[in-house]
DNA sequence: GTTAGCACTCTTCGATTTTGAGTGCTAACA
DNA sequence: TGTTAGCACTCAAAATCGAAGAGTGCTAAC
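Protein chains in written order, with this note's numbering: chain C, 576 to 922; chain W, 576 to 922.
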C-alpha cells in the first residue's frame, strides 16, 4: 500500500495532473503540458525531475524514450483510492424515461445495460439477481397428461421454476393432493442445505407407493434451486471498446469480445463480486486485479444491487484503464439507488 | 437467372477455378495462376481474354486495374447454384461426443452453436424453437400466498410459462378448483387466434364473481403465448470474423458484432428464414441478399430444424462471402439430420 | 532547489522510389 | 479462326529517406 512518506504534496499534485490529462487525451503527457496547465508555476525542467522520480517509484511509465509518461496500474490505483474527487452529476431525464418504461424485470435489466453503455461509452453487463441462500416457498405437482407431471417450484423472491417429470402410470387426483400437502408442509421455508438424506428418506417413507415420484421431485427441486444455472447476463455496447485504440487491436478486441459472448467468464466475475462484501457495494479492478483473465488490459467497475429476500445482482462496466472513473462511479451509484427505489416501490 | 447460352463450358471451368482458388486464398487471382493450376492447358493470354469476357458479363470484378479478379455476388450465386460439388464429409467423433453430453435443450443448442463455430471457423447462431401456431395444452392456477396466484400454462411441445397474478383477497380452494376446471375444459387445445372476445365474455360470465381473475388469467395466457418474446438466440464464435481481413476492419467488425450482441437483427433473420418454406430448409444469402442490413458484406447460411408439434428453430452461419460453401452446406445438413434424430429419439 | 539551454533520441508523417503482379494489346502462328 | 508469345503499361504495396516535432536527460548557472 502507498505510504505518505513516499510522495510529498507536490509529487501528488503532479501525478494527479498527469493522470487527469491522460484520461482526457489518451496520449502520453509531457513535462511541458503539466508546467503550463497547472497552478504549480514550475518550469518543465523541474517537472521533468519530479516525473523521473515518479517513474522510479512506479507510478508512471514511459512507452519509449523521448515520449511523455502514462500512468501505471499502481498510479491508477492511487488515483482511484485517494486523488479523485467525485463531481456532482445532473440527472438525465431521457434515461429516466427509458428506465420507467420497462415493465418486466428482464427488460428492465437489458435496458439498464443499454442505458449505461450509451451513457458511459464503455461496455456493460448486468446479471439477473440470484439468491445465494434460497428458500423454498411453494411446490405444486399437477398431471399435464397421462404420463407427465409438472412440478412448479416457487422460490423466495417469487422465482418460478418448472420441471416435467415422467411417470409410468397416472396418479389419481386424490393422491396428487396428498402428495402436494406432504411436500408443502415438509419442505416449506427450507433452503437447499437443509434438505438432507434423512429428510428425503422420511419423505419417501411417508409417500408410500409414490416414493419414486418423491425422488424425482426432490431431484427437480435440487436442480431448480441451483443458482448458477439460471443466472442470465445481459451485455451491451461491447463494440464501444473500438473507441479506445489501446483496446481495439485485433488481439485485445478478440479476447474481450469473446469474454462477452461466452458468458462463462462474466459469470465468474459476478460470483466473485457478490462474494466480496464491501460497504458501498462498488468495486474497481484495475488491469491485472480483475478476476477475468481476458480483461487484464482493462479496468472493470462492478456494483451489486439488492432486491430484498437476499436476491442480489451485479452491474459491470468494462473499459480501458484510462477510464473516466469519476463519471463511471457516479453513474454506478445513481443506478444503484435508482434500482433500489424501483424494486422497493414494486413490493 | 443465368442462361446457359451466356457461358460455354470453358468459361464455366475458368470461373469455377477462379472462385475456388479465391475461396482458398482470399487474394485476387490472376490469369497465370489459372493457366498453371488447371488441366485446361491454355496459356495465360487466352485465360486473360476469357476473364475479360467474364468480367463484362458481371461474374467477376477487378478490385483495381492490374490486379487479379475476384468473384462478384453474381459469380458466387452461380457457384452455389450450379458449380459447386459437395464433397463427402467424414463424421467427427469428438463433436459427436460433445453433442451427446448435453442433456437439456438449452445446453444442447448452445453446444450446437459452439461446435459449428469451431468446426467451420465462422460465426454462428442458433435460435430456440418456437411455434408459429401454438396451442394451449394445460392451465393451472394455484395460490402461492394470500395475495398471489400463480398461473402455470403449458403449451404444445411442453413449453411452460408462468405468470404471477395479484388479487385482493384469497380464493378458496373450492373456487380455485372450479376455476381450473372451467379454464381447462374451455380453453384446452385452442390457439391464440381462437380465443376471441365472445369467448372471453362467456368465460367471465360463467366465472361469476371471479370474472376479474379470469381477465388477468387470459391476459397472462395471451402474453405467454406470444412467441417472439421468448425466442432465445445463442451465438458463438463471433470473433471468428477477425480471421477474415475483409471483415475485420473496425467499421465492419463493429457492425457485425453489434448485430450479434443486440439480438434484434438476428431475430429478424430467424423469422424471415422460418417464413420461407424451402424444400431442403437450407438457404444461402450472399451479400446484399441477406435480410440483415449489418451483414451485407457477408454470406449467411441458414437451416431450419423441426421438433414436431410445429416447433421450429433456426441455425445460422455468418462468414465472409468467400465462404467455404461446400463445407458449410455439408455441415449444416449433417447437423440438421443429427438434431432430427435426437429430438425424435427423445419423444 | 530551480531553471534555462542544449544535445540527443524516437516516433510520426509525407514524399519518393522500387518492386512485382497482372493486364491489354498486337503480331505471329497453327 | 482461335491460340499464344511478347511487350509496354498500370497500379498497389512495400521499402527508403528525410524532415519535423515532441520530449527527455544532463549540465551549468542563478
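No residue lacks a Cβ here, since even glycine has one placed at the ideal position from N, Cα and C.
Delimiting residues of the alpha helix (DSSP H) encompassing residue 608 (chain C)
Position 33 of the first chain, counting from 1, holds the residue named residue 608 (chain C). That run of the alpha helix (DSSP H) goes 606 to 612.
Can you name, in chain order, every residue of its own chain whose Cβ lies under 7 angstroms from the Cβ of residue 899 (chain C), other than the five neighbours on each side?
What you label residue 899 (chain C) is simply residue 324 of the first chain in a count that begins at 1. Within the same chain, and ignoring the five residues on either side of residue 899 (chain C) in sequence, the residues whose Cβ sits closer than 7 angstroms to its Cβ are 598.
In chain order, what are the residue ranges of uninterrupted alpha helix (DSSP H) at least 4 long that sit wholly in the stretch 705 to 782 of chain C?
748 to 762 and 772 to 782
Take residue 735 (chain C) as the anchor and find which of W:727, W:691 and W:859 has the nearest alpha-carbon.
One-based indexing of the first chain puts residue 735 (chain C) at position 160. It is W:727.
Validate contact between the stretch 640 to 654 of chain C and the stretch 581 to 597 of chain C using beta carbons, cut 8 angstroms, 3 pairs:
yes
Of all the CB atoms in chain C, is at least one closer than 8 angstroms to the CB of residue 686 (chain W)?
In the second chain, the residue the question calls residue 686 (chain W) occupies position 111. Answer no: the Cβ-Cβ gap between residue 686 (chain W) and chain C never drops below 8 angstroms.
Return the chain-ordered list of same chain residues with a C-beta closer than 6 angstroms to the C-beta of residue 762 (chain C), the five sequence neighbours on each side being excluded.
Mapped onto the first chain, residue 762 (chain C) falls at position 187. Here the set comprises 711.
Rounded to the nearest angstrom, what separates residue 676 (chain C) and residue 918 (chain C) at their Cα positions?
Within the first chain, residue 676 (chain C) is the residue found at index 101, counting from 1. Within the first chain, residue 918 (chain C) is the residue found at index 343, counting from 1. For residue 676 (chain C), the predicted structure reports a pLDDT of 47, less than 50, and the residue's modelled location is therefore unreliable. A value from the coordinates is still provided. When rounded, the distance between both Cα atoms is 14 angstroms.
Alpha carbon to alpha carbon, what distance is there between residue 851 (chain W) and residue 583 (chain W)?
On the second chain, position 8 is the one that residue 583 (chain W) refers to. On the second chain, position 276 is the one that residue 851 (chain W) refers to. Their Cα atoms are separated by approximately 33 angstroms.
Could you check whether residue 685 (chain W) and residue 880 (chain W) sit closer than 8 angstroms to each other, using their CB atoms as the reference points?
As a position in the second chain, residue 880 (chain W) is number 305, starting the count at 1. As a position in the second chain, residue 685 (chain W) is number 110, starting the count at 1. No; because the gap between Cβ atoms is not below 8 angstroms, this pair is not in contact.
Spatial neighbours of residue 654 (chain W) in its chain, beta-carbon cut-off 6 angstroms, leaving aside the 5 residues before and after:
For the purposes of this step, residue 654 (chain W) is taken as the residue at position 79 of the second chain. These residues qualify, in order along the chain: 594.
Can you tell me whether residue 607 (chain W) sits near the ligand ADP, meaning its C-beta is under 7 angstroms from at least one heavy atom of the ligand?
Among the components modelled here there is no ligand, and therefore nothing to report on the ligand ADP.
So which residues on chain W does residue 892 (chain C) lean against when the C-beta distance must stay under 8 angstroms?
Residue numbering aside, residue 892 (chain C) sits at position 317 when the first chain is read from its first letter. For residue 892 (chain C), there are no C-beta contacts with chain W under 8 angstroms, since the nearest C-beta of that chain is about 16 angstroms from it.
Of all the CB atoms in chain W, is at least one closer than 8 angstroms to the CB of residue 814 (chain C)?
Counting from 1 along the first chain, the entry for residue 814 (chain C) is found at position 239. Output row for residue 814 (chain C): interface = yes.
Closer than 8 angstroms, Cβ to Cβ, to anything on chain W: give me those residues from the stretch 723 to 739 of chain C, in chain order.
723, 725, 727, 729, 733, 735, 737 and 739
Check the Cβ of residue 810 (chain C) against every Cβ in chain W and list those closer than 9 angstroms, keeping chain order.
By one-based count along the first chain, residue 810 (chain C) stands at place 235. Per Cβ cutoff of 9 angstroms: 836.
Chain-ordered neighbours of residue 817 (chain W) on chain C, where CB pairs are closer than 7 angstroms
Working through the second chain from its first residue, we reach residue 817 (chain W) at position 242. In chain order: 825 and 829.
Rounded to the nearest angstrom, what separates residue 687 (chain W) and residue 783 (chain W) at their Cα positions?
The residue you call residue 687 (chain W) lines up with position 112 of the second chain. The residue you call residue 783 (chain W) lines up with position 208 of the second chain. About 50 angstroms.
Environment of residue 748 (chain W) [buried if 16+ CB atoms lie within 10 Å]
Counting from one through the second chain, the residue named residue 748 (chain W) turns up at place 173. Answer is exposed; the Cβ neighbour count stays below 16.
Cβ pair count under 8 angstroms reaching 3, the stretch 892 to 906 of chain W against the stretch 687 to 705 of chain W:
yes
Strictly under 8 angstroms for the Cβ-Cβ distance: is residue 747 (chain C) near chain W by that measure?
Within the first chain, numbered from 1, the residue matching residue 747 (chain C) stands at position 172. For residue 747 (chain C), the answer is no, since every Cβ of chain W falls outside 8 angstroms of its Cβ.
Just to confirm my understanding: we take residue 786 (chain W), look at its own chain, exclude 5 residues before and 5 after, and list those with CB closer than 6 angstroms. What are they?
Here the question's residue 786 (chain W) lines up with position 211 in the second chain. Result list for residue 786 (chain W): 779, in chain order.
Interface residues of chain W around residue 717 (chain C) at Cβ under 8 angstroms?
Against the first chain, residue 717 (chain C) aligns to sequence position 142. The contacting residues are 713, 715 and 727.
Using 10 angstroms around the beta-carbon of residue 848 (chain W), count the other beta-carbons present and answer buried if the total reaches 16, otherwise exposed.
For the purposes of this step, residue 848 (chain W) is taken as the residue at position 273 of the second chain. Buried, since its Cβ has 16 or more Cβ neighbours within 10 Å.
In chain W, which residues lie less than 7 angstroms from residue 741 (chain C) when you measure between Cβ atoms?
For the purposes of this step, residue 741 (chain C) is identified with residue 166 of the first chain, where counting begins at 1. Near residue 741 (chain C) there are no residues of chain W at all, since even the closest Cβ is about 11 angstroms away, more than 7 angstroms.
Go ahead and label residue 844 (chain W) buried or exposed: buried means 16 or more other beta carbons lie within 10 angstroms of its beta carbon, across all protein chains shown.
By 1-based counting over the second chain, the position of residue 844 (chain W) is 269. With 16 or more Cβ atoms within 10 Å of its Cβ, residue 844 (chain W) is classed as buried.
So with Cβ pairs under 8 angstroms, would you call residue 618 (chain W) a contact of chain C?
To locate residue 618 (chain W), count along the second chain from 1; it is residue 43. For residue 618 (chain W), the answer is no, since every Cβ of chain C falls outside 8 angstroms of its Cβ.
In whole angstroms, give me the CA-to-CA distance for residue 820 (chain C) and residue 600 (chain C).
For the purposes of this step, residue 820 (chain C) is taken as the residue at position 245 of the first chain. For the purposes of this step, residue 600 (chain C) is taken as the residue at position 25 of the first chain. Taking the straight line joining both Cα atoms gives about 12 angstroms.
Which residues of the stretch 755 to 769 of chain W have a Cβ closer than 8 angstroms to any Cβ of chain C? Give them in chain order.
none
Name the residue from W:792, W:750, W:755 and W:751 whose alpha carbon lies nearest to the alpha carbon of residue 770 (chain W).
What you label residue 770 (chain W) is simply residue 195 of the second chain in a count that begins at 1. Among W:792, W:750, W:755 and W:751, the Cα nearest to that of residue 770 (chain W) belongs to W:792.
Following the continuous alpha helix (DSSP H) through residue 687 (chain C), name the residue where it begins and the one where it ends.
The residue you call residue 687 (chain C) lines up with position 112 of the first chain. 680 to 695 is the extent of the alpha helix (DSSP H) around residue 687 (chain C).
According to a CB-to-CB cut-off of less than 8 angstroms, which residues of the stretch 771 to 798 of chain W neighbour chain C?
Taken residue by residue, none of the stretch 771 to 798 of chain W has a beta-carbon sitting less than 8 angstroms from a beta-carbon on chain C.
Chain C beta carbons: is any one of them nearer than 8 angstroms to that of residue 833 (chain W)?
Walking along the second chain from the start, residue 833 (chain W) turns up at place 258. Closer than 8 angstroms: yes.
Within this structure, are the beta carbons of residue 738 (chain W) and residue 656 (chain W) separated by less than 8 angstroms?
The residue you call residue 738 (chain W) lines up with position 163 of the second chain. The residue you call residue 656 (chain W) lines up with position 81 of the second chain. Contact flag unset, no.
When DSSP labels each residue in this structure, what does residue 603 (chain W) get in the three-state scheme?
To locate residue 603 (chain W), count along the second chain from 1; it is residue 28. In this structure, residue 603 (chain W) counts as coil in the three-state DSSP scheme.
Ends of the beta strand (DSSP E) at residue 881 (chain C)?
The residue given as residue 881 (chain C) occupies position 306 in the first chain. Its beta strand (DSSP E) spans residues 873 to 883.
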